[in-house]
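Residue numbers for the sequence shown follow our numbering, so the first one is -16 and each next one is one higher. Glycine included, C-beta positions come from ideal geometry on N, C-alpha and C. Keep in mind it's a predicted model, so treat the numbers as computed, not measured. Read through the structure below, which is laid out as structure tokens, and then see the notes.
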Amino acid sequence: MRLADLLAGYPVEVQGGGDRDIERIVSDSRQAVPDALFVAIRGGQEEDRHDFVADAVARGAAAIMVECEIDCVPATRILVDDCRQWLPRLASRFYGEPARQLRCVGVTGTNGKTTTAWLLHRILHTSKPASAYIGTMGFAVGDGAALPNANTTPEAPELHRLLRIARDQDAVSVAMEVSSHALALHRTDGIDFDVAVFTNLTRDHLDFHGTFQNYLDAKGRLFDGLAADATAILNRDDASWRVLSERTKSHVLTYGLEDLSADVRPVTVSKELAQTRCRVASPIGEIDVVSPLTGHFNLSNIMAALAGGIALGVEVDALREGIAQVPRVPGRFEHIDEGQAFGVLVDYAHTPAGLQTVLEAARELTQGRLMCVFGCGGDRDAGKRPLMGRIAEELADLVFLTSDNPRSESPEQILDEILQGMSQTRGIHADVDRRVAIEEALSEARAGDLVVIAGKGDEPYQLLADGAVDFDDRQVARELLRQA
């Protein structure tokens, strides 16, 4: 695309150089290629990308977008007030505004985003034609396997590139996870969501947002921007739903498990180890659904996905089929079965509320003892560590503390901070070696017990002070069970 076409009609100041071809838009200088436009974003916890203008130009960037005068740079300079807010506009135009050609569903919340978005993707794909998914599990179109993403919600150039691919592969809808980071950093600005889904709001990412109110405000941006003919799907079981309902001018459709006034709610429920059956009351009548997803929290995710499908006009048969045929979401309450006499579950729960929800759901399925292996990430909100220790102690019979992704922090110090929330050490095992902790838990388990390995889900790595190493909780558990 010609630079003049990319900037046409925009109130920007262009200095130096004439019109030229732009082959790519990047905000990371390391991704710059010949004829790229480098956008020097600021904000969040990132470096000021103005410091990397010279690097981007050295790699071939033909133009730079900046917020201040930069001299002696052999590239066209575009001056704006806020590069971060301009980035999604440029990315959308560069890729032909693909979001305008798709029905867009955004899912936000602390817990449940991945499962709910994946369920919606399957529901929409079942109703034909194809749907796409963007989120923690990666990027997928139709029945294709998910390809990995760097972020839950990619930076704007990558996000619009994926939307372009989805549209070119004949997708007509996309279900995407929208993280609080993405909302605060304007990654999804300019996308007109047809449906926005709120799962829940509990403590997380305070290292980024600073306060819980800031966290709520970031989530609320998704609903602030909804048009009057769009639909907000809100969880009446979460106290934040009313605040969000007052922030949006769109139609509101609610769901819940406890609140009988919710528009979409279960009437009867049968929970089994391998599946969930329920009859659901909804604005389009009662719907009988069967899902391979188990646990109380997954029941809430199913209600959210059904509400989203109803808002988009999906027929009942497609709703049922999408819920029934969805494959288990990797690393989310995932059963590990190697023929052992006890249960093993791997889950991504890494927040106080997430851990509580998973352990409460696991308790419902446990005949014997409930055992929990978990840790807390380093260089992240340290305030949740004692909270998670207390929750594990209260809800599990045996707790095995270990490292999560310690990053640059001392693993021993993280365990000490978790222990500060625990009233006693009886029944508490601690080992910073995650493989050893998992092995100890599996060795301790007897028939009828259930071992929950929490915190990392389907992550295939562990982040240590000296870098990433290969480590997948599911693979490690399977290896140890086979050796037993």
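Please report how far the alpha carbon of residue i lies from the alpha carbon of residue j, in whole angstroms.
| i | j | result |
| --- | --- | --- |
| His188 | Met159 | Interpretation of His188 is limited by its pLDDT of 48, a score under 50 that renders its predicted location unreliable; the figure taken from the coordinates is listed afterwards. Cα to Cα, the separation comes out at about 19 Å. |
| Ala45 | Gly1 | 10 Å |
| Asp221 | Leu342 | 19 Å |
| Ala332 | Arg315 | 8 Å |
| Ser244 | Ser265 | 11 Å |
| Phe206 | Met371 | 30 Å |
| Ser406 | Glu376 | 8 Å |
| His192 | Val263 | Legend: pLDDT at His192 = 46, less than 50; position of this residue unreliable, no value from coordinates given. |
| Ile270 | Val299 | 7 Å |
| Gly440 | Leu209 | 32 Å |
| Gly(-8) | Ala288 | 39 Å |
| Leu145 | Leu(-14) | 22 Å |
| Ile24 | Tyr78 | 20 Å |
| Leu463 | Tyr444 | 18 Å |
| Thr98 | Leu282 | 11 Å |
| Arg417 | Glu241 | 37 Å |
| Val329 | Gly296 | 34 Å |
| Thr182 | Leu425 | 32 Å |
| Gln14 | Thr340 | 40 Å |
| Ala344 | Leu184 | 18 Å |
| Gly438 | Pro(-6) | 46 Å |
| Ala301 | Arg352 | 39 Å |
| Glu(-4) | Ser12 | 22 Å |
| Arg409 | Ala420 | 16 Å |
| Gly118 | Ser163 | 13 Å |
| Glu422 | Phe454 | 14 Å |
| Leu(-11) | Val157 | 25 Å |
| Leu85 | Glu427 | 51 Å |
| Glu80 | Ala213 | 19 Å |
| Thr91 | Lys202 | 7 Å |
| Val247 | Arg303 | 14 Å |
| Val56 | Val40 | 8 Å |
| Leu276 | Thr259 | 6 Å |
| Thr194 | Glu321 | 43 Å |
Nearest by alpha-carbon distance to residue i: which of the options is it?
| i | options | result |
| --- | --- | --- |
| Arg461 | Leu102, Val(-5), Gly326, Ile397 | Gly326 |
| Asp456 | Ile53, Met(-16), His318 | His318 |
| Arg72 | Val235, Gln152, Met48 | Met48 |
| Gly278 | Asp387, Ala290, Cys261, Gly291 | Cys261 |
| Leu402 | Val435, Glu423, Asp432, Lys367 | Lys367 |
| Ala307 | Gln68, His412, Ala257 | Ala257 |
| Ala324 | Arg429, Asn388, Ser391 | Arg429 |
| Ala211 | Phe383, Pro313, Thr119, His234 | His234 |
| Gln152 | Ala467, Val90, Ala113 | Ala113 |
| Val309 | Ala74, Glu347, Ala100 | Ala100 |
| Ala133 | Phe357, Gly358, Ala115, Glu442 | Glu442 |
| Val356 | Ala37, Asn197, Leu381, Thr194 | Leu381 |
| Tyr116 | Leu103, Ser110, Thr109 | Leu103 |
| Arg346 | Ser110, Asp54, Phe280 | Phe280 |
| Phe383 | His412, Asn197, Val56, Pro313 | His412 |
| Arg105 | Asp320, Arg311, Gln458 | Arg311 |
Please name the residue or residues paired with residue i in a DSSP beta bridge.
| i | result |
| --- | --- |
| His412 | Phe383 |
| Ser238 | The residue you asked about is not Ser; residue 238 is Tyr in the sequence shown. Answer is Asn218, Val247, bridged to Tyr238. |
| Thr91 | Phe181 |
| Gly118 | Gly121 |
| Gln(-2) | Arg60 |
| Asp453 | Tyr444 |
| Val435 | Leu328, Cys355 |
| His318 | Leu328 |
| Arg262 | Thr251, Asp271 |
| Arg7 | Ala19 |
| Arg144 | Note: Arg144 sits in no beta bridge, so no partner. |
| Glu160 | Val90 |
| Leu130 | Phe122 |
| Ile174 | None, per the DSSP bridge assignment. |
| Ile47 | Phe21, Arg60 |
| Arg(-15) | Asp4 |
Below 8 Å on the Cβ atoms is my contact criterion, and I expect residue i with residue j to pass it. Report the Cβ-Cβ distance as a whole number of Å.
| i | j | result |
| --- | --- | --- |
| Gly337 | Asn94 | 5 Å |
| Val180 | Ile216 | 4 Å |
| Thr385 | Asp364 | Going by Cβ atoms, the distance from Thr385 to Asp364 rounds to 19 Å, so no, they are not a contact pair. |
| Ile285 | Val272 | 7 Å |
| Phe21 | Val88 | Actually they are not in contact, since the Cβ atoms of Phe21 and Val88 sit about 32 Å apart, beyond 8 Å. |
| Gly43 | Val16 | 6 Å |
| Phe388 | Leu446 | The residue asked about is misnamed: residue 388 is Asn in this sequence, not Phe. The pair is a contact, with the Cβ atoms about 4 Å apart (cut-off 8 Å). |
| Gly291 | Val178 | 5 Å |
| Leu199 | Ser223 | 6 Å |
Three Cβ pairs or more, each shorter than 8 Å: is that satisfied between the segment 167 to 177 and the segment 120 to 133? no
Taking 8 Å as the cut-off, does the segment 49 to 66 touch the segment 111 to 124 (at least 3 CB pairs, one atom from each stretch)? no
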